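Novice:
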Amino acid sequence: MAMKLKEALKWILDENDLNKLIKSYDIIGDIIVIKSHPELESKMDIIAEALHEIHPRVRTIATVALYARTHELYRTRELHIIWGDDNLETTHRESGCIFKVDLRQVFFSPRLSYERMRIARKVSPAETIINTFSGAGCFSIIIAKFQPQTKIYSIDVNPHAYEYMKENVALNNVDGRVIPILGDASEELKRLEGVADRVIMPLPEHACSFLPLAVRALKIDAGGVIHYYDVSFGRKGDDLFRAPLERVRDIISSTFGDSLSIELEDARILRSVAPRKYHVVLDLHVKWKIHNP
Ligand SMILES: C[S@@+](CC[C@H](N)C(=O)[O-])C[C@H]1O[C@@H](n2cnc3c(N)ncnc32)[C@H](O)[C@@H]1O
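Here's what the structure looks like:
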């Protein structure tokens, strides 16, 4: 896709502009979202025309500034329409599921599709799961579709995300198995103490501060798995998991002393989010050595 865009523009933009063009973009339902370089603002309508020729079925093309600020709590970014209508609500298909979202109001990234399936494949039948930062419910719904006997408490603090999550639960026929909860993860995790086989924490910037509560939400006797997302700094080839794992061990030992065992089951780099800055995930198996009431 990226090559097609560059190809389409190579006789229209000069070399300098082509080098600034952010060639990869997301197609979410019938909307394209492309990052815009500050020095290419005046060329965005030309870029939109080229994108529309490549993807004639797309209804709307929107840009997000290369250095756009992300809403601190809801993780959304400001979008500007450069082609098509102003409506940023769309329906996206992924892994046999349907997700309805308004991109202005709710975080959604199709780039997490592999990660969502990766987690779904790890889930065993009849697990109880807590998704602490659910957005429109994507991780939870995909898990419920692939493992029908699971029960997934799905928390989000953004009322728009909660409304879309409820709609998506109905659209995907997973009512009663995905349980949408509007609230702050720290408050809701306290209510869910000792219930979970698995906790998913897809909020790389802040998941660490919820870690002690996530541990307490796991079943006391059996322990469980925490999918812990974090930010890591370094170069390609560095051990990008070392600092997040140390952070986990520090938080756990300062909260629970030596009463827990933590095993790293798996780890992966999700994506580079800025030069030398990565989102990573650690799959942690956590178990009480001695129960800490
Ligand atoms: C990166 S998005 C999650 C994406 C989602 N898992 C998906 O697959 O689309 C993070 C979400 O966490 C929510 N959030 C942020 N802080 C929160 C908190 N303290 N409690 C509950 N939800 C929170 C945001 O509203 C946002 O929807």
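Per the working numbering, the very first residue in the sequence shown carries number -1; after that it's consecutive. From the three backbone atoms N, C-alpha and C, an ideal C-beta is built for every residue, glycine too. Keep in mind the model is a prediction, meaning the values are calculated, not measured.
Rounded to whole angstroms, what is the Cα-Cα separation between I179 and N17?
Specialist: Residue 179 sits at position 181 when you count from the first residue of the sequence shown. Residue 17 sits at position 19 when you count from the first residue of the sequence shown. Cα to Cα, I179 sits roughly 45 angstroms from N17.
Novice: Is the closest heavy atom of ligand 1 to the C-beta of A134 under 7 angstroms?
Specialist: For the purposes of this step, residue 134 is taken as residue 136 along the sequence shown, with counting starting at 1. Yes, the beta carbon of A134 sits closer than 7 angstroms to at least one heavy atom of ligand 1.
Novice: Measuring alpha carbon to alpha carbon, tell me which of Y160, D195, V167, Y112 ends up nearest G181.
Specialist: Taking the sequence shown and counting its residues from 1, one reaches residue 181 at position 183. Nearest option by C-alpha distance: Y160.
Novice: Report yes if the CB atom of V104 is closer than 8 angstroms to the CB atom of N156, and no otherwise.
Specialist: Numbered from its first residue, the sequence shown carries residue 104 at position 106. Numbered from its first residue, the sequence shown carries residue 156 at position 158. Yes, these two residues count as a Cβ contact at 8 angstroms.
Novice: Going by CA-CA distance only, name the one from T68, P36, D83, S111 that's closest to V360.
Specialist: Outside the displayed range of the chain (-1 to 291) lies residue 360, so it cannot be described from this structure.
Novice: For D237, is the beta carbon positioned less than 7 angstroms from some heavy atom of ligand 1?
Specialist: Counted from its first residue, the sequence shown places residue 237 at position 239. No, since every heavy atom of ligand 1 falls outside the 7 angstroms radius drawn around the Cβ of D237.
Novice: When you compare the CB positions of I153 and A142, do they come within less than 8 angstroms of one another, or not?
Specialist: If you number the sequence shown from 1, residue 153 lands on position 155. If you number the sequence shown from 1, residue 142 lands on position 144. Going by C-beta atoms, I153 is not nearer than 8 angstroms to A142.
Novice: Excluding the 5 residues preceding and the 5 following G27 in the sequence, name in chain order all residues of the same chain whose CB lies nearer than 6 angstroms to its CB.
Specialist: Mapped onto the sequence shown, residue 27 falls at position 29. Once the five neighbours on either side are set aside, the close Cβ partners of G27 are T88, T89, H90.
Novice: Applying the criterion that 16 or more other CB atoms from any shown protein chain within 10 Å of the CB defines a buried residue, is H225 buried or exposed?
Specialist: Reading the sequence shown from its first residue, position 227 is the one you call residue 225. The residue is buried, with at least 16 neighbouring Cβ atoms inside 10 Å.
Novice: Please classify L86 as buried or exposed, where buried requires at least 16 other C-beta atoms within 10 Å of its C-beta.
Specialist: One-based indexing of the sequence shown puts residue 86 at position 88. L86 is buried by the Cβ-count criterion.
Novice: Using only the alpha-carbon positions, how far apart do T148 and D195 sit?
Specialist: The residue you call residue 148 lines up with position 150 of the sequence shown. The residue you call residue 195 lines up with position 197 of the sequence shown. Their backbone Cα atoms lie some 10 angstroms apart in a straight line.
Novice: Measuring only from the beta carbon, is F106 closer than 7 angstroms to any heavy atom that is part of ligand 1?
Specialist: The residue you call residue 106 lines up with position 108 of the sequence shown. At least one heavy atom of ligand 1 is nearer than 7 angstroms to the Cβ of F106, so yes.
Novice: With a CB to CB cut of under 7 angstroms and the five nearest residues on each side skipped, what residues in its chain are close to A48?
Specialist: The residue you call residue 48 lines up with position 50 of the sequence shown. Excluding positions up to five away in sequence, the list reads L3, A6, L7.
Novice: I'd like to confirm the pairing. Which residues does DSSP put opposite D281 in its beta bridges?
Specialist: Translated into positions along the sequence shown, residue 281 becomes position 283. Per DSSP, H225, D264.
Novice: For R57, which three-state DSSP category applies?
Specialist: For the purposes of this step, residue 57 is taken as the residue at position 59 of the sequence shown. Three-state result, R57: coil.
Novice: N156: beta carbon under 7 angstroms from a heavy atom of ligand 1?
Specialist: Your numbering for residue 156 matches position 158 in the sequence shown. Yes; taking the cut-off as 7 angstroms, the Cβ of N156 has a heavy atom of ligand 1 nearer than that.
Novice: Under a three-way DSSP split, which group does T89 fall into?
Specialist: Numbered from 1 along the sequence shown, position 91 holds the residue referred to as residue 89. Reduced to three states, the DSSP call for T89 is strand.
Novice: Around the Cβ of L64, are there at least 16 other Cβ atoms within 10 angstroms (buried) or fewer (exposed)?
Specialist: Residue mapping note: residue 64 aligns to position 66 of the sequence shown, counting from 1. Looking at its Cβ environment, which holds fewer than 16 other Cβ atoms inside 10 Å, L64 is exposed.
Novice: Can you check whether the CB of L258 is closer than 8 angstroms to the CB of V284?
Specialist: The sequence position of residue 284 within the sequence shown is 286, counting from 1. The sequence position of residue 258 within the sequence shown is 260, counting from 1. A contact, by the Cβ cut-off of 8 angstroms.
Novice: Tell me whether the region 268 to 278 and the region 219 to 234 touch, counting them as touching only if at least three CB pairs, one residue from each stretch, are closer than 8 angstroms.
Specialist: Cβ pair count under 8 angstroms is three or more, so yes.
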